[in-house]
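Residue numbers are given in my numbering: position 393 of the sequence shown equals residue 390, and the series is strictly consecutive.
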Amino acid sequence: FGVETGSARFRLESPRHHWRGRELLARPGTAHSHRRRPAMAAGAASGASRAVLFAGGKRVPGFSMGSSAFLKDAPRGAYTTARTAFGATRVFDFEGHVARLAESSRLMQDAAGVSPTAPERAATDPEWVRESILGSLRPALDDWASVSPSRPDGGEGTVAEAKVSVLVAWDAATQADSSRVPALADACGPASPVGLYVHLQELLPPHSPPIRVLVREGPRANAAAKDTRWVADRAGLEALMGPGSGVEEVLMCGAAAAGAEVYEGTQTNFAALQAGTLRTAGSGVLMGTVRRLLLEVCPLQGVGVREEAPLLRELGLWEGAMLSSTSRLAMPVNEVHVPVGLFMGARGAAAAGREAADEVALAAAEAAAAGSGGEIRLSADGATVVRSWPDPLPAAVVGLRDAVLRAFGERCTPVRGT
């Protein structure tokens, strides 16, 4: 069905209440047929059909790396990942990304002991960040529009949307080393105290349901700063989401002994619906731009907000779950898979001398008593506890997903052609 929001028309296809796809159309009334994404993790698709890199307002020649490979091999720095809309003419929550990049730079420089008067501190100034991004993003989007893959509907004048990664690096000596990213030093030069790079690649459609997530113990360090080092550090978790795995995301949680607080995913924020309230970590995570929008629409949907991490100990009481990110927007989760040892530890079951099957049965009874819906079960091999919400998806989760989609267009800033 179509959803009209301002001057934009969105298309949702939700047979049996599952989210089949979403697409922000280039202009009102344009028809679009949903293109299903291959069965691989979102983070695994780092090599798109085309990629461009701009620095200092100029295109870096001979460049073809996908965003993940680029961020792993580029100089260490602060980065943010955005998305275009309306035929690659606008960027979702542009000012939010400017603020995030400046704040991440400040946190990282403070941790590294960079002098408050050092020229590298320019990267912490939102005005400098904004103008530097626009200085490369505008010509990058013009370039993208001139040779971009056309949209799947083939409509005249349409342009494929782009995933936009912006990196700020301030180590001049590192910037001068072009061994891992050819031609990067030539783009900004070793004399520059700060380098800002804008990377574009095609924004792929979201996966089709069922959406499965895994949970693993261990949050990341300094999560509030979006540091490129995390792109390399998360490689082990991303390996769990390889082609054919059927896994959308890996969630990170705290110590089992403390109830196993579920913080965030490798590239997403996470929220669980419990007792009519959306619970999501309010600290120890990167505050995503779509997460902020999701929290804003909750009151409009009659859903409360509690900025505390959901607990695996209370897994059976979750009434639904969602991922949020720039590429997924608000994505309902169908299945949460938890290693049985982690589940038992979070529940304190081992200390109480209960077996896994008995503990899962107890959690299922708690879920039934609370009316939280779905099901909780032990996998056939006994290694995993699965919390699932089969058809139909919880109505409150669907309502939040659709509310985020309706509000999305209003948060897109014109960039190209301005």
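Glycine is no exception: its CB is placed at the ideal position from the N, C-alpha and C atoms.
- One Cα belongs to Ala48, the other to Ala278, and the distance between them is close to 34 Å.
- The three-state secondary structure of His204, taken from DSSP, is coil.
- In this structure Trp141 is not in contact with Leu201, their Cβ atoms being roughly 15 Å apart against a cut-off of 8 Å.
- A residue is called buried once 16 or more other Cβ atoms fall within 10 Å of its Cβ, and Pro72 is buried on that count.
- When only Cα atoms are considered, Arg374 and Ala361 end up about 8 Å apart.
- Taking every protein chain shown into account, the CB of Ser280 has fewer than 16 other CB atoms within 10 angstroms, so this residue is exposed.
- In this model, Phe67 and Trp125 are separated by some 23 Å (Cα to Cα).
- Looking only at Gln264, Glu100, Gln298 and Gly414, the smallest Cα-Cα distance to Val401 is reached by Gln298.
- Two segments are said to touch when three or more pairs of C-beta atoms, one from each, lie closer than 8 Å; by this definition the stretch 343 to 358 does not touch the stretch 404 to 412.
- The count of Cβ pairs closer than 8 Å, one atom from the stretch 235 to 254 and one from the stretch 201 to 215, reaches three, so the stretches are in contact.
- Pairing Glu304 with Arg56, the inter-Cα distance amounts to about 42 Å.
- Pro411 counts as exposed, since fewer than 16 other C-beta atoms from the protein chains shown sit within 10 angstroms of its C-beta.
- Within the same chain, and ignoring the five residues on either side of Leu193 in sequence, the residues whose Cβ sits closer than 6 Å to its Cβ are Ser129 and Val165.
- Between the C-alpha atoms of Glu258 and Gly53 there is a straight-line separation of about 42 Å.
- Each of Val302, Pro136, Ser65 and Val163 was checked against the Cα of His94, and the nearest Cα belongs to Val163.
- The beta carbons of Ala318 and Val333 sit closer together than 8 Å.
- For Glu363, the enclosing alpha helix (DSSP H) starts and ends at Ala353 to Ala367.
- Partner residues in the beta bridge of Gln271, as assigned by DSSP, are Thr274.
- Under DSSP, Gln198 takes part in a beta bridge, and its partners are Ala48 and Lys160.
- Collapsing the DSSP output to three states places Gly262 in a strand.
- Distance between Val156 and Ala367, taken at the CA atoms: about 48 Å.
- If you check the CB distance, Ala269 and Trp315 come in under 8 Å.
- The beta-bridge partner set that DSSP reports for Gly192 consists of Ala166.
- Assigned with DSSP and collapsed to three states, Met284 falls in coil, not helix or strand.
- A contact is defined here as three or more CB-CB pairs under 8 Å, and the stretch 374 to 387 fails this definition with respect to the stretch 281 to 300.
- Distances from the CA of Arg118 to each of Arg103, Pro207 and Arg127 were compared; the closest alpha carbon is that of Arg103.
- With a contact defined as Cβ atoms closer than 8 Å, Ala75 and Ser101 qualify at about 4 Å.
- Look at Gly317 here: in three-state DSSP terms it is strand.
- Per DSSP, reduced to three states, the secondary structure at Thr78 is strand.
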